[in-house]
């Protein structure tokens, strides 16, 4: 993106300077405005514009903490180009410890939004018009929903070369091929011709230091890959590539106990869990149907028949 003059939300950010801007979300009943802080830092030399996005779902605390730590460690101050940080995107959900907007909608299923639509739709529209056109790359941080915990993994479309290279540079333990979900931020950004990758780690309403560190290190790796920061890319383990995956579901209702750790490789017919009733009358064992890596795990103590309990890679 040409960077002789960079203007965002009506504010010009000069080379070597930064600014804290505000993206207006809505007017409250009290006539006050609810605004989202947008932190911008521009390097002294030309380069791409990278957006780091956390808290699209208000209960996904790890993503917020990752962007916070990037700012706290000053990694968001680039040598080249510009880095935009939005630690808390869904401010309403974050304040209410809720995944959704006050109108009950999932913000990540309503893009590109509408100027005269629902509250969430209006906010999505504002982002699509006021922020998205000015970025070149996007890194979006998420966690598992409800009681499902995701082992740190990066998601992208393997068929998109720039996304694939960004995802490899991130260096997460797992890298999963993921198509674009209709009306998601990923789909909207992709249609604008901009690469976007999505990090998943941990579960909602829970801070996991290992997940946060993985996200921070991965983001810094992406910055180095794109030329925003200098230095060698830091990858501590080989990445497992997952083209296909499947959620294994509870065959019965009852108390659920996992017999393996999240991130573990399991073999066909290996005992991986069990479901029992609280009265000691039955216990049903769960076996792996094929070889694969477990990278998503239900941590709820009680499950109903049909609940997703293990997310496993499919190698065949």
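In the working numbering, the protein residues as written are 1 to 316.
All C-beta atoms in this analysis are idealised placements derived from N, C-alpha and C, irrespective of residue type, glycine included.
As the structure is a computational prediction, the values presented were derived from the model and not from experiment.
Run of the alpha helix (DSSP H) containing residue i, from where it starts to where it stops
{"i": "residue 383", "result": "There is simply no residue 383 to check, as the chain begins at 1 and stops at 316 in what is shown."}
{"i": "residue 65", "result": "61-72"}
{"i": "residue 91", "result": "91-96"}
{"i": "residue 130", "result": "119-130"}
{"i": "residue 189", "result": "185-191"}
{"i": "residue 281", "result": "Note, residue 281: premise wrong, no alpha helix (DSSP H); not H, not E."}
Inter-residue spacing [alpha-carbon to alpha-carbon] between residue i and residue j
{"i": "residue 252", "j": "residue 131", "result": "47 Å"}
{"i": "residue 15", "j": "residue 138", "result": "21 Å"}
{"i": "residue 39", "j": "residue 9", "result": "11 Å"}
{"i": "residue 256", "j": "residue 249", "result": "11 Å"}
{"i": "residue 258", "j": "residue 142", "result": "23 Å"}
{"i": "residue 2", "j": "residue 153", "result": "At residue 2, the pLDDT of 49 sits below 50, so the modelled position is not reliable; the number obtained from the coordinates is stated separately. Residue 2 and residue 153: Cα-Cα distance of roughly 32 Å."}
{"i": "residue 124", "j": "residue 276", "result": "44 Å"}
{"i": "residue 240", "j": "residue 168", "result": "10 Å"}
{"i": "residue 217", "j": "residue 85", "result": "16 Å"}
{"i": "residue 65", "j": "residue 281", "result": "44 Å"}
{"i": "residue 47", "j": "residue 4", "result": "10 Å"}
{"i": "residue 89", "j": "residue 95", "result": "11 Å"}
Pair within 7 Å by beta-carbon distance, residue i and residue j
{"i": "residue 174", "j": "residue 70", "result": "no"}
{"i": "residue 228", "j": "residue 80", "result": "yes"}
{"i": "residue 68", "j": "residue 87", "result": "yes"}
{"i": "residue 204", "j": "residue 60", "result": "yes"}
{"i": "residue 298", "j": "residue 147", "result": "yes"}
{"i": "residue 24", "j": "residue 35", "result": "yes"}
{"i": "residue 317", "j": "residue 197", "result": "Given that the chain is displayed from residue 1 to residue 316, the structure contains no residue 317 and the question cannot be resolved."}
{"i": "residue 183", "j": "residue 111", "result": "yes"}
Residue(s) in a DSSP beta bridge with residue i
{"i": "residue 177", "result": "156"}
{"i": "residue 85", "result": "39, 52"}
{"i": "residue 246", "result": "312"}
Endpoints, beta strand (DSSP E) assigned at residue i
{"i": "residue 7", "result": "6-8"}
{"i": "residue 209", "result": "Element bounds for residue 209: not the beta strand (DSSP E) but the alpha helix (DSSP H), 209-226."}
{"i": "residue 101", "result": "No beta strand (DSSP E) contains residue 101, which DSSP labels as neither H nor E."}
{"i": "residue 24", "result": "18-27"}
Cβ-based burial, residue i [other Cβ within 10 Å; buried from 16]
{"i": "residue 159", "result": "exposed"}
{"i": "residue 267", "result": "exposed"}
{"i": "residue 20", "result": "exposed"}
{"i": "residue 305", "result": "exposed"}
{"i": "residue 303", "result": "buried"}
{"i": "residue 195", "result": "buried"}
{"i": "residue 222", "result": "buried"}
Residue i CB to nearest heavy atom of the ligand SAM below 6 Å
{"i": "residue 87", "result": "Within the structure as shown, the ligand SAM is missing, as the structure has no ligands at all."}
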